[in-house]
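*Asks:* One structure coming up, written as structure tokens, with questions to follow.
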Amino acid sequence: MNFFALSFVSPWVLFALLALPLLWWLLRVTPPAPLVERFPAIQLLRDLLVVEETPAHTSWWLLALRVLAAGFVILAIARPVLDAGAAFGGSGPVLLVIDDGWASAGDFPLRAQAASGVLDRAERAGRGVALLFTATSEIGAKPVVSPVLPIPEARARLSALRPKSWAPDRASALAALAGWAQPGTSVVFVSDELTHGSDFAAFAAALTRIGGVTKICCETPVPAGRVLLPPRLEAERLVARLAQAPQAVPSSHVVLAQSGDGRSLGRVVIQVPAGAGSGEAAIVLPPELRNRLERLVIEGTPSVASVALLDERWRHRPVGLLAGDIISAEAPLTGPLFYLRRALAPYAELRQGTIEALLGRDLSVLVLADRVVSEGAERTALLQWVEKGGLLVRFAGPRMAEASQVAARLSRVDPLLPVRLLAGDRQLGGALSWNQPVALAAFPAASPFAGLPVPDEVRVSRQVLAEPTAQLAEHSWAALADGTPLVTEAVRGAGRIVLFHVTANADWSDLPLSGLFVEMLRRLVQVSVGVGSPLSGTVLAPAESLDGFGLLGASPPAARGLAAEAFAATPVSAAHPPGLYGAENSRQALNLGNQLPEPEAAPAISGARIESLVGGALERALGPWLMAASVALLVLDMLIGLMMRGLLGRRVVAVGLVLLLPVRGVVAQEARAQEAPALATRLGYIVTGDARVDGITQQGLSGLSNYVNQRAAAALAAPDAVIPGLDDLSFYPLLYWPIIAEAAPLDAAAQTALNEYMSRGGIILIDTRGSGTGEGFAPGTEAALERLATGLVVPPLIPLDNEHVLARAFYLLGEFPGRFGGGSVWVQREQDRANDSVSPVIIGGHDWASAWAVDGAGRNPYATVPGGVRQRQLAYRFGVNLVMYALTGNYKGDQVHVPAILERLGQ
Amino acid sequence: MADALIHPWVFARRAEALGARLPPLMVAAERVAATVAEGVHGRRRVGLGDSFWQFRPFLPGDEARRIDWRKSAKSDRAFVRETEWEVAQTVFLWADASASMRWHSHAAAVEKRERAEILLLALALLLLRGGERVVLMRPGARALSGRVGLEQLAGELLEGDDEGVGLPPRVNLPRHARVVLFGDFLAPLTEIQSEIGRLASVPVSGHAVQILDPAEALLPYAGRVRFEGLEREAPLLIPRVDVLREAYAEKLAAQQDGLRAICGAAGFGFAVHRTDHVPEAALLALYAALATR
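Given below as structure tokens:
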């Protein structure tokens, strides 16, 4: 980088620098004006004058300061420019060709900056600029060369330029260039380094024919032509794929799988080896999470090429369940739906109802467990649904066996079976049978179950048998070790029928008991077509489109609808921008990577001068900075002048100098509700630093305060968070202190503050949040409490009983549960008469705050353990007693003697 | 200081203005005097007078007729009745009214002249309460006594708007009279010495209180300052006042030492009072000094 590449826009102004010595002389002879004071003792001063001789001149450094400021002003007016770029050849207009397709989005700011730099240079050379943007515009206009524009207008057009989410149209750009005939043109090409089709060579030739080419490209932070292809759906995983123009060095790219609200649910790194054009990596997520994915993005600069939208094709499938015997079907361990529900629920949305109700909504898979569908409307509807693309999974069973017998006798064919069944069923292994239950054979390669491990322990003891035909093997997805099919399938229209030859419960086989069952069903569901797959021929209107930066927004005006079946074969263009198409509930995604030709690096343009996009000619105007420096110097001069005349205290000068310095961000003190703690009675809690625990405590004390306000005369304001040692604790009658396991020991200031607080009558409720029934909820807090309490003056403690004032301060309580019951609460032994024997510390582990907590919706977000309304009520009552105890001390303790007093009064 | 040529209307206006200023001045003086009167008990000493002072045992040498028989009859010893010394003395008071006294700096709230007047009146109040007579040191002034005397004194004090030269006027004083002078005493020492010496030759004794503004005492200015006098002195431009501060302090100390020496030689007491200090302290010291002499 040329360090001294400094040039001036108006160099003649620099002659004014010659006047600086004159300025020096002028300043030297003018002393500053004195301050005028009236003073009676002037006579005494007059006699002293011989002591100090008057310096008539301003000191040299002040002069230098002023001359420097003047010099800065002159330099600033001369408009110096640092790192001005080289001039272009030719003398005519500059033709600025900019690739604004998808590949330019990743580093678009750099490109815009480079283009702006070109305009700066053209402006200095006094040349006009013609613009050519090579991608079709948002309104569908083909690329055209603009007329030669004055620089401000070109600047305006350039600032309105946004990257498109489709590829540049080299052929149209070529046609636009053909009409250009201006002598002396120099061409500047801001290239995205991709060919975008076969016309690049002709395009490059057209550029060189017009004039000397300067190509601005290269060394971009984003690899040229990197694009995230639509992910491939595999059985268990989503495979993120990426393509780019082959690079000489290996690269790695981070792909984030994001849900609709922008949270990243998964993260994989795709490694692309040197010289390779593509790479992929599998995203393995639990089905629940995978179903929530809405897009994959490449981490880093946002661009349409780094986004792949996911639609229903990558989503979960609703599964309908229907059993023959509805009453016993749900019975635990015996009903077929019990097993099916267990197997499918984790990753599929399950629905139940009549066939009519189920098919009334979008449904991918319908599972019939030993349900015979007799002729009639039901069967017709089912058949229609299967023809449209539904996946019907049937399980055999006694009813089906019986129906097959009837069907065989009447030689009828059940169209809802993939294969014809033999009458009745086959029993393997039984009291009167020689043969044994049979294990499973390995899955055939063509089966969707291929690759699943076959457990040895699965035995089939009973099944329905398919009529042996030549095609039976093709139709069978799973078979027993003896070759009889276990799962058969048949295609019906766009859909499919699958039959398990055993029951969905454990009556006929061990299959439903094994993990294999779950895996098989999962694979089956993935085989199914997504819901709401629109009918062929439906044209889907563009709903939301990705712009060049990969943000979803309104579709550009040129966007047109796209036929549903054409999605797979349509490359993106201005007419079909990438984005979401179709109605709200069945969006189809069209991605840039769809049908995109492999990105191919553009060959070098012969004879072109190459400028780098990154390290290149970034011009910096120094004028404004010089002007600012000059103003700062003059302000400094003024301050010094004021100080010399005694008008300013030194402190004021220091403040002024500090103000001149750039103001750094002031670290904001953590804003806590400490506005005026003394103005209202309020509870306090000690901040633990664990945001979750502090949130619970805040909610809990708010809930308790509200409860107390409703039921007692006490009026408590919203609770405060306090930090002992920093905040004044004396305003709070009661401090709640939840202990967290990782609590750091108290520092000296905090210890002093807490001890002081306790000795002055404050009460601290220490909660280890894990005793009694909550044993194990907060491991390590007891140890933490020991650690914390070492410096605290804790009096001897006894378990709280119902004779204690705390048990009768407002309600009469026999137990003191919080979120957890049981366990003991510890209070000071009642022999110390200090502070009216009010215990300064109450220690328990019942997580009271959680029991008291009320969230924004007015609910109690934390369940009590073991539970019940009663326990929560008791928790609140304990809280009320606690507040009363804190506010009134042992006042209620005196009431213990009321009977005796009454008796005495009666006498 | 009645000027017969002044139009009666003008005179009335001036009296009105004085009346407006008088009560606060009186109040301030009384407030200052009240604190002192409680601290010091007048001239409570044995002397010629009517009021009873004390009984003391009869000592050889006492005249026998001085024995108080009524008292002595109560015991075996003879007691002598002593009366309090009561003698009315005339105290001449003067406050500098020159232009240089009508000034205060930012550091002080009151003008030097106002402070001088307050001190003068408060002292007069104390003296009048003690039965003394006070006279303003001014040609034609009358000796005043009693509560009414104080008000007359205040009226006379405010009436006199003379642009003095910063030194007491030449008034015929009785021998051995007491004189109290309030002023800034910034005039050249030789002038002051001639004036004090003239007083001492009468002979009279008394006190001089130098009243200074804190700015005069400390010279708190800095930087390039043009000083202008208040008594038509030529202005003085000083480039860096802060450099001069120490030299000024020495100069002022020399002036005060000179004053102290002049006063000491003439049998006068000398004290310095700064207007940012409370007047009570100065008054107490002054009154105590007057009482003991």
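From first to last, the protein sequence lines are chains A and B.
So the first sequence is numbered by my numbering: it starts at 244 and just counts up by one.
So the second sequence is numbered by my numbering: it starts at 2 and just counts up by one.
Every residue, glycine too, gets a C-beta built ideally from N, C-alpha and C.
Keep in mind it's a predicted model, so treat the numbers as computed, not measured.
Please confirm if residue 279 (chain A) has its CB atom under 8 Å from at least one CB of chain B.
*Replies:* With 8 Å as the cut-off, residue 279 (chain A) counts as an interface residue toward chain B.
*Asks:* Could you list the residues in the region 233-247 of chain B with a C-beta less than 9 Å from some C-beta on chain A, going in chain order?
*Replies:* If the cut-off is 9 Å between Cβ atoms, the region 233-247 of chain B has 234, 235, 236, 237, 238, 239, 240, 241, 242, 243, 244 and 245 near chain A.
*Asks:* So, with DSSP's three-state summary, where would you put residue 264 (chain A)?
*Replies:* Residue 264 (chain A): helix per DSSP, three-state reduction.
*Asks:* What residues in the region 184-212 of chain B have a beta carbon less than 9 Å from any beta carbon of chain A?
*Replies:* Within the region 184-212 of chain B, the qualifying residues are 185, 187, 188 and 189.
*Asks:* Output needed for residue 3 (chain B): all residues of its chain with C-beta closer than 6 Å, excluding positions within five of it in sequence on either side, in chain order.
*Replies:* Low confidence applies to residue 3 (chain B): its pLDDT is 43, below 50, so where it sits in the model is not reliable, and the reading given next is rough at best. If we look at residue 3 (chain B) and ignore the five residues flanking it on each side, it has no Cβ neighbours.
*Asks:* Starting from residue 706 (chain A), trace the beta strand (DSSP E) in both directions and tell me its first and last residue.
*Replies:* Run containing residue 706 (chain A): 705-709, per the beta strand (DSSP E) assignment.
*Asks:* Quick one: is residue 887 (chain A) near chain B, going by C-beta distance under 8 Å?
*Replies:* Cβ-Cβ to chain B under 8 Å: yes for residue 887 (chain A).
*Asks:* Residue 979 (chain A) lies in the alpha helix (DSSP H); which residues open and close that run?
*Replies:* Taken as a continuous stretch (DSSP letters only), residue 979 (chain A) belongs to no alpha helix (DSSP H), being part of the beta strand (DSSP E) at 977-981.
*Asks:* Cutting at 7 Å between CB atoms, please list the residues of its own chain near residue 226 (chain B), excluding the five before and the five after it.
*Replies:* Answer for residue 226 (chain B): 239 and 242, listed in chain order.
*Asks:* Is there a Cβ of chain A sitting closer than 8 Å to that of residue 168 (chain B), yes or no?
*Replies:* No, no contact with chain A.
*Asks:* Are there 16 or more other CB atoms within 10 angstroms of the CB of residue 840 (chain A), so buried, or fewer, so exposed?
*Replies:* Residue 840 (chain A) comes out exposed.
*Asks:* Counting only beta-carbon atoms, is residue 229 (chain B) nearer than 8 Å to chain A?
*Replies:* Yes, its Cβ sits closer than 8 Å to a Cβ of chain A.
*Asks:* Is the region 1024-1034 of chain A in contact with the region 1093-1103 of chain A, if contact means three or more CB pairs nearer than 8 Å?
*Replies:* Touching, no, given that fewer than three Cβ pairs across the two stretches are closer than 8 Å.
*Asks:* Answer with buried or exposed for residue 1144 (chain A), where buried requires no fewer than 16 other C-beta atoms within 10 angstroms of its C-beta.
*Replies:* Exposed: under 16 other Cβ atoms inside 10 Å.
*Asks:* Taking the CB atoms as reference points, tell me whether residue 1011 (chain A) and residue 1041 (chain A) lie closer together than 8 Å.
*Replies:* Not a contact, by the Cβ cut-off of 8 Å.
*Asks:* Looking only at its chain, what residues have a beta carbon closer than 8 Å to the beta carbon of residue 606 (chain A), apart from the 5 residues adjacent to it on each side?
*Replies:* Counting only Cβ-Cβ distances below 8 Å, and skipping sequence neighbours, we find 561, 562, 563, 594, 628, 633 and 774.
*Asks:* Using a cut-off of 8 Å between C-beta atoms, extract the partners of residue 309 (chain A) located in chain B.
*Replies:* Those within 8 Å of residue 309 (chain A) in chain B number zero; the least Cβ separation is about 17 Å.
*Asks:* Go ahead and label residue 70 (chain B) buried or exposed: buried means 16 or more other beta carbons lie within 10 angstroms of its beta carbon, across all protein chains shown.
*Replies:* Residue 70 (chain B) is exposed by the Cβ-count criterion.
*Asks:* Taking the C-alpha atoms as reference points, what is the distance between residue 216 (chain A) and residue 621 (chain A)?
*Replies:* For chain A, the structure presents residues 244 to 1150; residue 216 (chain A) sits outside this window and is missing.
*Asks:* Return the residue from the list B:28, B:76, B:57 and B:114 that minimises the CA-CA distance to residue 214 (chain B).
*Replies:* It is B:114.
*Asks:* Do we get a CB-CB distance below 8 Å when we pair residue 259 (chain B) with the residues of chain A?
*Replies:* For residue 259 (chain B), the answer is no, since every Cβ of chain A falls outside 8 Å of its Cβ.
*Asks:* Need the endpoints of the beta strand (DSSP E) that residue 557 (chain A) sits in, please.
*Replies:* Where residue 557 (chain A) is concerned, there is no enclosing beta strand (DSSP E), given that its DSSP letter is neither H nor E.
*Asks:* Determine, using beta carbons only, whether residue 513 (chain A) and residue 483 (chain A) come nearer to each other than 8 Å.
*Replies:* Contact flag set, yes.
*Asks:* Is there at least one Cβ from chain B nearer than 8 Å to residue 916 (chain A)'s Cβ?
*Replies:* Any reading at residue 916 (chain A) needs caution, since the residue's pLDDT is 44, under 50, leaving its predicted position unreliable; the model's value is listed next. Chain B contact via Cβ: absent.
*Asks:* Looking only at C-alpha atoms, which of A:402, A:342, A:357 and A:427 sits nearest to residue 370 (chain A)?
*Replies:* When each option's Cα is compared against that of residue 370 (chain A), the closest is A:427.
*Asks:* Can you list the residues of chain A that residue 256 (chain B) reaches, using a CB-CB cut of under 8 Å?
*Replies:* Within 8 Å Cβ-Cβ: 287.
*Asks:* Could you tell me whether the Cβ of residue 1151 (chain A) comes closer than 8 Å to any Cβ of chain B?
*Replies:* There is no way to answer for residue 1151 (chain A), as the model of chain A reaches only from 244 to 1150.
*Asks:* Return the Cβ separation of residue 381 (chain A) and residue 784 (chain A) in integer angstroms, given the expectation that the two are a contact with Cβ distance under 8 Å.
*Replies:* Actually they do not touch by this definition, with Cβ atoms about 17 Å apart.
*Asks:* Quick one, which residues of the region 96-110 of chain B are near chain D if we go by CB-CB under 7 Å, in chain order?
*Replies:* Checking the listed chains, one finds no chain D in this structure; the protein chains it contains are A and B.
*Asks:* Comparing C-alpha positions only, which one of A:406, A:360, A:1122 and A:362 sits nearest to residue 376 (chain A)?
*Replies:* Among A:406, A:360, A:1122 and A:362, the Cα nearest to that of residue 376 (chain A) belongs to A:406.
*Asks:* State the start and end residues of the unbroken beta strand (DSSP E) segment that holds residue 474 (chain A).
*Replies:* Residue 474 (chain A) -> beta strand (DSSP E) spans 470-476.
*Asks:* Are the region 173-183 of chain B and the region 88-101 of chain B touching, with three or more C-beta to C-beta distances below 8 Å?
*Replies:* Yes, the region 173-183 of chain B touches the region 88-101 of chain B.
*Asks:* Examine chain B for any beta-carbon lying closer than 8 Å to the beta-carbon of residue 283 (chain A), and answer yes or no.
*Replies:* Yes, residue 283 (chain A) counts as interfacial toward chain B.
*Asks:* Classify residue 748 (chain A) as buried or exposed, calling it buried when 16 or more other Cβ atoms lie within 10 Å of its own Cβ.
*Replies:* Residue 748 (chain A) comes out buried.
*Asks:* So with CB distances below 7 Å, who are the chain A contacts of residue 116 (chain B)?
*Replies:* Going along chain A, no residue has its Cβ under 7 Å from residue 116 (chain B), so there is no contact; the nearest lies around 14 Å.
*Asks:* Taking Cβ positions, are residue 465 (chain A) and residue 432 (chain A) nearer each other than 8 Å?
*Replies:* Their beta carbons are not under 8 Å apart, which means residue 465 (chain A) does not touch residue 432 (chain A) by this criterion.
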